[in-house]
Amino acid sequence: MTAPTKTQTVSSEIELLSFRLGKEEYSVDIMSVREIRGWTRATPLPHAPDFVRGVINLRGTVLPVVDLSVRLGMQPVAGDARNVIIVVQTGAQTAGLLVDAVSDILALPASELQPPPDLAADTAQRYISALTIVEGRMIRVLDLMAVLPDDDAEAA
Amino acid sequence: MPNDPMAEIKASFFIECDELLESLQDALTEIDEGAHDGETINIVFRAVHSIKGGAGAFGLDALVGFAHRYETVMDEIRSGRLDISPEAVKLFFQAADLLADEVHAARDGLPEPDGAEACLKDLEALLGTDRMIEEEATEEVSDFQPMGLSLDLDLDFDLSPDPSGSATSDPHLLRFKPHAELYASGNEPLHLLRALAELGPLQIAADLAAIPSLDAIDPEAAYLSWEMQIDPVIEESAILDVFDFVEDVCDLEFGSQETSADRVTSLASRPLNDPSFAQPDDIPSPDFDPLLTALSTARDLPESVATAPAAPEMPQEDAPTPPAATAPPRAPSTPVAEPGATVRVDLERIDRLVNLVGELVINQAMLAQSVTEAGLPPNSPVMTGLEAFMMLTRDIQDSVMMIRAQPVKPLFQRMARIVREASSAVGKEVKLRTEGEATEVDKTVIERLADPLTHMIRNAVDHGLEAPETRVAAGKPREGVITLSAQHRSGRVVIEVTDDGGGINRKKVFAKAVEKGLVPADAQLSDTEIDNLLFLPGFSTADQVSALSGRGVGMDVVRSSIQALGGRISISSAPGSGTSFSISLPLTLAVLDGMVVTVADETLVVPLSAILETATLTSEDIRALGPETHVIHVRGAFVPLYDLGAELGYRAPKSNYEGGIVLLTAQENGERSALVVDTILEQRQVVIKGLQQSYGHIPGVAAATILGDGQIALILDPADLVHNASGRTRIPDLTLAG
Numbered sequence: 001m002t003a004p005t006k007t008q009t010v011s012s013e014i015e016l017l018s019f020r021l022g023k024e025e026y027s028v029d030i031m032s033v034r035e036i037r038g039w040t041r042a043t044p045l046p047h048a049p050d051f052v053r054g055v056i057n058l059r060g061t062v063l064p065v066v067d068l069s070v071r072l073g074m075q076p077v078a079g080d081a082r083n084v085i086i087v088v089q090t091g092a093q094t095a096g097l098l099v100d101a102v103s104d105i106l107a108l109p110a111s112e113l114q115p116p117p118d119l120a121a122d123t124a125q126r127y128i129s130a131l132t133i134v135e136g137r138m139i140r141v142l143d144l145m146a147v148l149p150d151d152d153a154e155a156a
Numbered sequence: 001m002p003n004d005p006m007a008e009i010k011a012s013f014f015i016e017c018d019e020l021l022e023s024l025q026d027a028l029t030e031i032d033e034g035a036h037d038g039e040t041i042n043i044v045f046r047a048v049h050s051i052k053g054g055a056g057a058f059g060l061d062a063l064v065g066f067a068h069r070y071e072t073v074m075d076e077i078r079s080g081r082l083d084i085s086p087e088a089v090k091l092f093f094q095a096a097d098l099l100a101d102e103v104h105a106a107r108d109g110l111p112e113p114d115g116a117e118a119c120l121k122d123l124e125a126l127l128g129t130d131r132m133i134e135e136e137a138t139e140e141v142s143d144f145q146p147m148g149l150s151l152d153l154d155l156d157f158d159l160s161p162d163p164s165g166s167a168t169s170d171p172h173l174l175r176f177k178p179h180a181e182l183y184a185s186g187n188e189p190l191h192l193l194r195a196l197a198e199l200g201p202l203q204i205a206a207d208l209a210a211i212p213s214l215d216a217i218d219p220e221a222a223y224l225s226w227e228m229q230i231d232p233v234i235e236e237s238a239i240l241d242v243f244d245f246v247e248d249v250c251d252l253e254f255g256s257q258e259t260s261a262d263r264v265t266s267l268a269s270r271p272l273n274d275p276s277f278a279q280p281d282d283i284p285s286p287d288f289d290p291l292l293t294a295l296s297t298a299r300d301l302p303e304s305v306a307t308a309p310a311a312p313e314m315p316q317e318d319a320p321t322p323p324a325a326t327a328p329p330r331a332p333s334t335p336v337a338e339p340g341a342t343v344r345v346d347l348e349r350i351d352r353l354v355n356l357v358g359e360l361v362i363n364q365a366m367l368a369q370s371v372t373e374a375g376l377p378p379n380s381p382v383m384t385g386l387e388a389f390m391m392l393t394r395d396i397q398d399s400v401m402m403i404r405a406q407p408v409k410p411l412f413q414r415m416a417r418i419v420r421e422a423s424s425a426v427g428k429e430v431k432l433r434t435e436g437e438a439t440e441v442d443k444t445v446i447e448r449l450a451d452p453l454t455h456m457i458r459n460a461v462d463h464g465l466e467a468p469e470t471r472v473a474a475g476k477p478r479e480g481v482i483t484l485s486a487q488h489r490s491g492r493v494v495i496e497v498t499d500d501g502g503g504i505n506r507k508k509v510f511a512k513a514v515e516k517g518l519v520p521a522d523a524q525l526s527d528t529e530i531d532n533l534l535f536l537p538g539f540s541t542a543d544q545v546s547a548l549s550g551r552g553v554g555m556d557v558v559r560s561s562i563q564a565l566g567g568r569i570s571i572s573s574a575p576g577s578g579t580s581f582s583i584s585l586p587l588t589l590a591v592l593d594g595m596v597v598t599v600a601d602e603t604l605v606v607p608l609s610a611i612l613e614t615a616t617l618t619s620e621d622i623r624a625l626g627p628e629t630h631v632i633h634v635r636g637a638f639v640p641l642y643d644l645g646a647e648l649g650y651r652a653p654k655s656n657y658e659g660g661i662v663l664l665t666a667q668e669n670g671e672r673s674a675l676v677v678d679t680i681l682e683q684r685q686v687v688i689k690g691l692q693q694s695y696g697h698i699p700g701v702a703a704a705t706i707l708g709d710g711q712i713a714l715i716l717d718p719a720d721l722v723h724n725a726s727g728r729t730r731i732p733d734l735t736l737a738g
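Residue numbers (UniProt numbering), protein chains in the order written: chain G, 1 to 156; chain B, 1 to 738.
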């Protein structure tokens, strides 16, 4: 395993927080990550889509939590002490992503990110904005906007 | 940059206006009640006068015009030349209402309110026409000193002798020299000069003498100045208005070409903000040219001394140049409203504090829970400390909530106006009595109470009180009385609207309800039940649809808006002596009294205001209705049964509800429903956390809260839940509609 590369981010370089979902490795741009929290039981929301695990108390604010595994068309995350919630922010929206475990912080030149090939058969396809290879492992970069529940449209 | 402080000053002017309007209403009410003493009348006069003065400074011509004419009439009263008659007081009230409209129109940039002109005409008719014009002139002169330059811009009065003392035949002479700051702040002399030209004929000459040779020019310095001769019919204050926004960053010198004696005095009356005046030993002002300087009248002299700036060539914070335009009219406002020392705070900051205290309450609950779980003895120092902490938290919470609280007085004053308008519309004589005006309620509650209260007041005038003849025949005074009272009662605010009318005609109400098919003709209803029929949607007892009520909005709407605030409304009536509506409201919208229940292992909070009673079901209570639904039989009525667990998608409907616990809730439309829960945990105050922003609307859920264990519990909206409910309580079905 690579040690986290803690180089200063220059304009052409981006940092990714990578995490594990089942056996797959995904990542998000570290700039959108606000914090990482241990697993807490979420209060389920009635009439919510299945990938919305519920809401948790984030220091007094009500934070919706998305089960990323379900969102990407896989089995639900078990929900135990080993799991973590990555709190991300896109635009004005803040949400938690429930994942199996966080693995790494990767720094790589932006030029190494490639757009994903067009294979429409997979649900996960819609949520991936780029692919890259780090030391032989393929890392998927998530499109956060697509992953998060869009307010009323899906809630209602 | 210079526009921002102006906007701020303007905003505070409008806040001040609201205070003045309030004291105006108070004083008028006192006059109405017989206080004809000079001080009360003075308060009215000063309030109107201060509004006029401030409005003049901001160039709000319509407002100035209205206030001026109102003030003129008030001055007649003040000087004892006009007697206070009941009609006059009525007109003063009407004019005060319109003045409030004018102020709000000016603030929000709305068109002028209707009826202003008619009201003023009525008002001025009190004086008689000849007298008015004649007195007008005297008033202007006698009133000159405190008013300064805020003389009205009303062209009607242009022909009256110019009170400023300068001879009207001579043109105004004005020298305008911008400072570099004027340019730096984005102002453009050309626009100002054009604005001047719009006022009337003028001659402008640019003075180029100060421009240095090309190699000595500082591109950011100001060298130009202008001299103007302005038509004397234009008021000095109108000219000053043009320079309102730049007065800090330019030299403005006024004067008129008069005798040579005046020229001599001009040496003493240097430009108003000439630094050398305050500091005679300082460097002389570089551009000062006594020959070119227009003459200031002797009147300006004391002002220029008083306000002469200390630092040379610095933009002045206190707008010294035309001080009379803004300063003097403000002065009279001080004795009018004395609300004690107050601080104006941004509402957002208060809300943040309220939120933080909410956190504190939750945290304290969490701490308490973990201390309890740790199994410490009750008399341990930790436990005693925690108890003190809990009491402090409670105190802080109460105090913070009080910051958002405001007295209901302004709301009640609005109602006084509604009574005046409504009573004159239906030709009844009505007096509004208010009690407990100082009672404080959350700002939002007050704002959202205005509409339902207006409706109730209108109803009381229109339906509650009898016509004057009927009242006299019944041995009552002609004038009906509506009492509006507010008081704190056991942690809630109770607002009552009481009339001394004929009471509810229950026979008529019942007949109407039967006619509209709201109740069966053979129903046996108690008096209270009949009274409550008024809250049914679409109910109206008025035989004729009057202009006032009967707009299709009934008491049902009033009740739903009260319920939306977490309140309840009740009615009581005694035939012949009147009807009383009582509204009970929570003190704040940030916390809510709720019943904490569990359903399918989830904890939920049901607002206490929605719960009528709780009950345990027995087999006799439950009746199957359709193949998928149940009703329960409570107190002679059939109430639909909803399984909360099923409606929220937590579980499938149970096979048997016997022994289950139900919450009997009342809907906004008076319909009742029974919600099945598993257990009732406790009754407590919870801090309301919005879900809307972080997630969006969930059917049946009003908000969320954080419990003592740090978990989030949802707060139900029973009305919305039932509205969206499937009502399935029999066949297991997981894919619920919603």
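Note that beta-carbon positions come from the ideal geometry of N, C-alpha and C, so glycine has one too.
What you are looking at is a predicted structure, and each value in this text was computed from that prediction instead of being measured.
C-beta neighbour in chain B for residue 36/G, strict 9 Å: no
Please state if the CB of residue 17/G and the CB of residue 104/G are separated by a distance shorter than 9 Å. yes
Beta bridge counterpart(s) of residue 532/B as assigned by DSSP: According to DSSP, residue 532/B bridges with nothing at all.
Residues bridged to residue 613/B by DSSP? 664/B
Expected contact under 8 Å - CB spacing of residue 607/B and residue 715/B to nearest Å: 7 Å
Quick check on residue 655/B: buried or exposed, where buried means 16 or more other Cβ atoms within 10 Å of its Cβ? exposed
Residue 22/B: which of 609/B, 407/B, 441/B, 501/B sits nearest, CA to CA? 407/B
Tell me the residue span of the beta strand (DSSP E) that contains residue 742/B. Nothing can be reported for residue 742/B, as the shown portion of chain B is limited to 1 through 738.
By Cβ distance, which residues of its chain are closer than 8 Å to residue 155/B, with the 5 residues on each side in sequence left out? In this prediction, residue 155/B has a pLDDT of 43, which is less than 50 and means its spatial position is unreliable; what the coordinates show is noted afterwards. Cβ neighbours of residue 155/B beyond the five flanking positions: none.
Limits of the unbroken alpha helix (DSSP H) element including residue 396/B: 381 to 404
Does the beta carbon of residue 13/G sit closer than 9 Å to a beta carbon anywhere in chain B? no
Short of 7 Å in beta carbon distance, which residues of its chain neighbour residue 45/B, apart from the five on each side in sequence? Order them along the chain. 71, 74, 75, 78
Just how far apart, CA to CA, sit residue 364/B and residue 43/G? 21 Å
Flag residue 48/G as yes if its beta-carbon sits less than 9 Å from any beta-carbon of chain B, otherwise no. yes
7 Å CB neighbourhood of residue 148/G in its chain, flanking five on each side removed: 66, 90, 93, 95
Along chain G, in chain order, which residues have C-beta atoms closer than 8 Å to that of residue 689/B? 60, 61, 62
Compute the Euclidean distance between the alpha carbons of residue 128/G and residue 110/G, then round it to the nearest angstrom. 16 Å
By the three-class DSSP mapping on this structure, what secondary structure does residue 221/B have? coil
Note down, in chain order, each residue of its chain lying with its Cβ closer than 6 Å to the Cβ of residue 228/B, except the 5 sequence neighbours on either side. 174, 202, 204
So if DSSP puts residue 485/B in a beta bridge, which residue, or which two residues, is it bridged to? 435/B, 496/B
In terms of residue numbering, what span does the alpha helix (DSSP H) encompassing residue 104/B cover? 86 to 108
Of all the alpha helix (DSSP H) runs that stay within the bounds of the segment 175 to 224 of chain B, which reach a length of 4 or more residues? 180 to 184, 189 to 199
9 Å Cβ cutoff, residue 56/G in contact with chain B: yes
Do the segment 583 to 597 of chain B and the segment 502 to 516 of chain B make contact, defined as three or more Cβ pairs closer than 8 Å? no
Kindly indicate which residue of 711/B, 534/B, 642/B has the alpha-carbon position closest to the one of residue 720/B. 642/B
According to DSSP, residues forming a beta bridge with residue 642/B: 675/B
What does a CB cutoff of less than 7 Å around residue 703/B pick up in its chain, not counting 5 residues either side in sequence? 688, 689, 690, 691, 715
Could you give the uninterrupted runs of the alpha helix (DSSP H) lying entirely in the UniProt domain "CheW-like" (13 to 153) of chain G, keeping only those of 4 residues or more? 68 to 71, 144 to 147
Answer with yes or no whether the minimum CB distance from residue 368/B to chain G is below 9 Å. no
Examine the Cβ distances between the segment 21 to 37 of chain B and the segment 118 to 128 of chain B and report whether three or more of them are shorter than 8 Å. no
If residue 85/G sits next to residue 106/G, beta carbons under 8 Å apart, how far is it from one beta carbon to the other, in whole angstroms? Contact doesn't hold; Cβ gap of about 20 Å is too wide.
Looking only at its own chain, which residues have a Cβ that is under 6 Å from the Cβ of residue 561/B, when we skip the five neighbours before and after it? 452
Quick one: list the residues of chain G neighbouring residue 706/B, beta-carbon separation under 9 Å, in chain order. 57, 60, 62
Among 379/B, 385/B, 352/B, nearest to residue 367/B - alpha-carbon criterion: 385/B
Could one say the Cβ of residue 93/G lies closer than 9 Å to chain B's Cβ atoms, at least one of them? yes
Whose Cβ in chain G lies nearer than 8 Å to the Cβ of residue 713/B? 43
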